[in-house]
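For the sequence shown, my numbering gives the first residue as -16, with consecutive numbering after it. C-beta atoms are modelled at their ideal positions from N, C-alpha and C, and glycine is treated no differently. Values in this document were obtained by computation on a predicted structure and should not be read as measured data. Worksheet: one structure, shown below.
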Amino acid sequence: MVIENYLTFLPFNQFQSTTEPLIIEILVAGSTIKRRKKYWWLHGGPADICLNNFDPVIQYFALNGFAVFAPNFRGSQGYGKEFERLNWNDLGGGDLRDVREGIFHL
């Protein structure tokens, strides 16, 4: 058995939020994303990050036919301190808008 035949690899996509920052998302899906069930994987934190590496939960859903959307919304790590501080005193504001826009972007 070759494990690579059973894994779904994670391409990075980007979309421009209407309220400034460029949002980086990981989207695990095939070519028929519009017809797939969707699963939104929102990292904890608020200052955390979704990385392009193996995650058993994301793989489980992807291998079972879901398109997995894992955004690095404002406040996520890895994009500089300014980006990480964008949701200070605004939790549930801009970060939630980023997630909603990402969902509609799909």
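Coil, strand or helix - residue i by DSSP
i                : result
proline 54       : strand
phenylalanine 43 : Correcting the residue identity first, residue 43 is tyrosine in this sequence and not phenylalanine. DSSP places tyrosine 43 in helix when its eight states are reduced to three.
histidine 88     : helix
Separation of residue j from residue i, as counted between CA atoms
i             : j                : result
proline 35    : arginine 80      : Here residue 35 is asparagine; the residue named in the question, proline, does not match the sequence. If you take the alpha carbons of asparagine 35 and arginine 80, they lie about 23 Å apart.
aspartate 38  : phenylalanine 52 : 13 Å
isoleucine 41 : lysine 21        : 11 Å
proline 54    : arginine 19      : 18 Å
lysine 64     : arginine 57      : 11 Å
serine 59     : glycine 27       : 9 Å
glycine 77    : tyrosine 62      : 16 Å
8 Å Cβ cutoff met for residue i and residue j
i             : j             : result
isoleucine 86 : tryptophan 23 : yes
alanine 30    : glutamate 84  : no
Q: Could you tell me whether the region 58 to 72 touches the region 35 to 50, using the rule of 3 or more Cβ pairs below 8 Å?
A: no
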